[in-house]
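Peer 1: My questions all concern the structure below.
Chains as they are written, first to last, in my numbering: chain A, 547 to 955; chain B, 547 to 955.
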């Protein structure tokens, strides 16, 4: 039952309120007990009841909710570093695919990897993410693309969830692409998804969401409807990779299917923006992917102005976003998506929690989990302005210090 | 006299050769003695003479020359975090300046700061840069803008150079802007530069270069000629901030003045590119600044194709580039300037050394200083592809380990 004081600025990040509303408190104090926030406010107003509780100092730093990365493909086999150079030299995706690269190469490497191998790689990424202040991670499958290997990826996530310290939210992305061996017979793959994979994932409670990549090169709107209706009957809520490379009306589809979020949205149209605003669906922006792909980012300001909550995530994967650095993604949300630091932070806390249908994290309102980060900066504005790689000094999950920087700058 | 082995890939970064020529050696060994490189090559070809020398392991990692940040404004007073938010909200530079922001506010804060205060802030940035593998830093004055405060900034750099471990290359940027108090009488400021500041800087050997910001809002080409001719007679070689916001023919001017480098160049024209290629002048690209300023980067590919050596630096300063993260700048040189990882690395090693007229650093050719970095990646391509903040595990300057990561990932 400690009291954290000497907080220069505390960002509550209330679940409700506008994109830029962080509920900032200067010279704040934070009280927690049994892993949950008990009280938060100005240190001068600390209730007498907590006056004698043990105190810890934040050292005059910024405190904010633990960061939530609400879109990653955490566990995969292999890397694709040489493709990065190829793309910079102007080689097209098709050329690269013809040489055996692209997503199919990751599917091959992921199928070839054992559960232990996938786990060990993902474990090391998660540990590094903890040092970046990331306390909750959404993790997608989608590189197995058959029942056995999709379940293998999801079991890696279950193991990571059991180990802790981070909270893991698993999503089945069986509908990432049609795997090479089913190219001539799409229907057989759709049947595999609806008749085998979805029921088994639900049976073993291996995922909270089912995600479909809606795109010419992946799945049609009609196929997404079919798959996600079956997923819904098995208790798996919809997520969509939508409007990434072309406008497929993904925002409207997300509203129709009551998706927890629609992700990417670089090519979203005005109709889809209105539909998402009306339905209150979170838009998950992925600024690392747009930069790696040399693509214009989604119209973040238009979305925010229309009242759509915009989350920010890494999209960590070996092709279009080979970085798990959520701090960097937030900085790019400012510099490339023209979001203010406050708007960006809300996108990796309260709104990211909403994209995961979690109302107990992402905000330091009393009753929520005591997941928080101590950052060596005087304010949120300063944190995302003076970018450097050693800003987080302590990461706390359920009130327990999960990591602390040895040498504080 | 150690031998470093277990090097997965060693990037020699030869001083000569094309932008993408790193002289890569797989399974390499590196031998040094008395602070200088003695031998480098394939481990299998290690000469018998070194066979009994003490060995160290690079752990199957990448080894490359210590990084050189050839354009920074390292020592300054104050920060301008709130301007960052203002700019993201669309406020113009003029509006911000009218509210007391912009460069004038940094001049005010730098003049108000004591030498000790400036030193302590710069010291802490340098320490952090060491953990990013940066072994040489060019440092500009330019926030004093009177004799006393320009010398104060340059004396901070002298102190940092004496302390080590990094090599410091000081540049006087007295011609950054005309200071507010001389707005009505530019000529008095030009006289201050040519008759007082330049002679005193030369007398005390406080700088190697003199830099002029050529732009409508700063100094004209003609003024730059006058200033830099005087600087040359005092042994200070020219550098230029050129073609950043408008095309002022800065590349042609740099060639005419035999500048060591022309920096920024976002608006460079074809004529200037030809002139720089012919004169062999280094173009210093500053990808952090273009992103913070929401500006198109310089035409790196056109420069490289024309044969201009392109360096990459941070431009670290509190306004347009509040980050000293050279690793991030190199990643942006790839993703935003479409340079390959090899081209980017050459820009922060051999070509950055050339921009500082140093032929003893920036490359691991025998005879050069043994400044090198051990990086937790299997190759240069992989290092700038899988971006994360803990890649450097050891920084060595003159053969001595200046920093080592405690927990190796």
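For each residue, glycine too, the CB sits at the ideal point set by N, CA and C. These numbers come from a predicted model, not from an experiment.
1. Of all the CB atoms in chain A, is at least one closer than 8 Å to the CB of residue 619 (chain B)?
2. In terms of residues, what are the limits of the beta strand (DSSP E) holding residue 918 (chain A)?
3. Looking only at C-alpha atoms, which of B:662, B:676 and B:886 sits nearest to residue 695 (chain B)?
4. So which residues on chain E does residue 887 (chain A) lean against when the C-beta distance must stay under 9 Å?
5. Are there three or more Cβ pairs, one per stretch, closer than 8 Å when the stretch 701 to 721 of chain B is compared with the stretch 644 to 655 of chain B?
6. Would the beta-carbon of residue 692 (chain A) fall within 8 Å of that of residue 725 (chain A)?
7. Anyone know if the C-beta pair for residue 607 (chain A) and residue 926 (chain A) falls short of 8 Å?
8. Would you list, in chain order, the members of the stretch 708 to 727 of chain A that have their beta-carbon closer than 9 Å to a beta-carbon of chain B?
9. In the DSSP assignment, find the unbroken alpha helix (DSSP H) run with residue 851 (chain B) in it and report its ends.
10. Residues bridged to residue 587 (chain B) by DSSP?
11. Note the first and the last residue of the continuous alpha helix (DSSP H) segment covering residue 669 (chain A).
12. For residue 628 (chain A) and residue 934 (chain B), which I take to be in contact (beta-carbon distance under 8 Å), what is that distance rounded to the nearest angstrom?
13. So is residue 787 (chain A) buried or exposed if we call it buried at 16+ other beta carbons inside 10 Å?
14. Using only alpha-carbon positions, find the residue among B:617, B:705 and B:642 that is nearest to residue 680 (chain B).
15. Specify, as a first and last residue, the run of the beta strand (DSSP E) that residue 862 (chain A) falls within.
16. For chain A, is any of its Cβ atoms less than 8 Å away from the one on residue 894 (chain B)?
17. When you compare the stretch 867 to 885 of chain A with the stretch 903 to 918 of chain A, are there three or more beta-carbon pairs, one atom per stretch, that lie closer than 8 Å?
18. Tell me, which residues are paired with residue 685 (chain A) by DSSP?
19. For the pair the stretch 630 to 638 of chain A and the stretch 871 to 880 of chain A, tell me if three or more CB-CB distances fall below 8 Å.
20. Span of the beta strand (DSSP E) holding residue 611 (chain B)?
21. Are the Cβ atoms of residue 858 (chain B) and residue 850 (chain B) separated by less than 8 Å?
22. Count the other C-beta atoms from every protein chain shown that fall within 10 angstroms of the C-beta of residue 946 (chain B), then say buried if there are 16 or more, exposed otherwise.
23. Pull up the DSSP beta-bridge partners for residue 555 (chain A), would you.
24. Give the DSSP-derived three-state secondary structure of residue 907 (chain B) in the structure shown.
25. Taking residue 886 (chain A) as the reference, which of A:553, A:775 and A:566 has the closest Cα?
26. Is residue 689 (chain B) near residue 619 (chain B), with beta carbons less than 8 Å apart?
27. Residue 723 (chain A) by DSSP, collapsed to three states: which one?
28. On the CB-based measure, 16 or more other CB atoms within 10 Å of its CB, does residue 534 (chain A) come out buried or exposed?
29. Counting only C-beta atoms, is residue 659 (chain A) closer than 8 Å to chain B at any point?
30. Starting from residue 744 (chain B), follow the beta strand (DSSP E) in both directions and report where the run begins and ends.
31. Measure the C-alpha to C-alpha separation of residue 819 (chain A) and residue 827 (chain A) and round it to an integer number of angstroms.
32. Nearest by alpha-carbon distance to residue 564 (chain A): which of A:892, A:810 and A:723 is it?
33. So that I know if they touch, is there some Cβ in chain A lying closer than 8 Å to that of residue 534 (chain B)?
34. Here's a check: name, in chain order, each residue in its chain whose Cβ is nearer than 6 Å to the Cβ of residue 873 (chain B), leaving out the five neighbours to either side.
35. Starting from residue 810 (chain B), trace the beta strand (DSSP E) in both directions and tell me its first and last residue.
36. Using Cβ-Cβ distances below 7 Å, what residues of the stretch 913 to 936 of chain A are close to chain B?
Peer 2: In terms of the structure at hand:
1. Chain A contact via Cβ: absent.
2. Its beta strand (DSSP E) spans residues 918 to 921.
3. Of the candidates B:662, B:676 and B:886, B:662 places its Cα closest to the Cα of residue 695 (chain B).
4. The displayed structure is made up of protein chains A and B, and chain E is not among them.
5. Result no; under three Cβ-Cβ pairs closer than 8 Å.
6. A contact, by the Cβ cut-off of 8 Å.
7. No, the pair does not count as a contact, with Cβ atoms beyond the cut-off.
8. Going along the stretch 708 to 727 of chain A in chain order, one finds no residue with a Cβ nearer than 9 Å to chain B.
9. Counting along the chain, the alpha helix (DSSP H) containing residue 851 (chain B) begins and ends at 846 to 852.
10. Paired residue(s): B:575.
11. Segment 661 to 676, the alpha helix (DSSP H) holding residue 669 (chain A).
12. About 18 Å; that fails the 8 Å criterion.
13. Residue environment for residue 787 (chain A): buried (at least 16 other C-beta atoms within 10 angstroms of its C-beta).
14. The candidate whose alpha carbon is nearest that of residue 680 (chain B) is B:617.
15. No beta strand (DSSP E) holds residue 862 (chain A); DSSP gives it neither H nor E.
16. Taking Cβ atoms only, chain A never reaches closer than 8 Å to residue 894 (chain B), which makes this a no.
17. At 8 Å Cβ cutoff, the stretches do not touch.
18. Residue 685 (chain A) pairs with A:716.
19. Look at the beta carbons and you see the stretch 630 to 638 of chain A not touching the stretch 871 to 880 of chain A: under three pairs across the two are nearer than 8 Å.
20. Unbroken beta strand (DSSP E) run through residue 611 (chain B): 601 to 611.
21. Taking 8 Å as the Cβ cut-off, residue 858 (chain B) and residue 850 (chain B) do not qualify as a contacting pair.
22. A residue is called buried once 16 or more other Cβ atoms fall within 10 Å of its Cβ, and residue 946 (chain B), having fewer, is exposed.
23. Note: residue 555 (chain A) is bridge-paired with A:572 and A:608 in the DSSP secondary-structure output.
24. Residue 907 (chain B) sits in coil when the DSSP states are folded into three classes, being neither helix nor strand.
25. Ranking A:553, A:775 and A:566 by CA distance to the CA of residue 886 (chain A) puts A:566 first.
26. Against a cut-off of 8 Å, the Cβ pair of residue 619 (chain B) and residue 689 (chain B) comes out as a contact.
27. In the three-state DSSP reduction, residue 723 (chain A) falls in the coil class, being neither helix nor strand.
28. Nothing in the structure corresponds to residue 534 (chain A), since chain A is present only between 547 and 955.
29. No, residue 659 (chain A) lies away from the interface with chain B (no Cβ there is under 8 Å from its Cβ).
30. Residue 744 (chain B): not part of any beta strand (DSSP E); member of the alpha helix (DSSP H) spanning 744 to 749, first to last residue.
31. Taking C-alpha positions only, residue 819 (chain A) is separated from residue 827 (chain A) by approximately 10 Å.
32. Residue 564 (chain A) has its Cα closest to that of A:892, out of A:892, A:810 and A:723.
33. Summary: the structure shown does not reach residue 534 (chain B), with chain B confined to residues 547 through 955, and so no result is reported for it.
34. Taken in chain order, the residues that qualify are 678.
35. Start and end: 807 to 810.
36. Per Cβ criterion, the list reads 925, 927, 928, 931, 932, 933, 934, 935 and 936.
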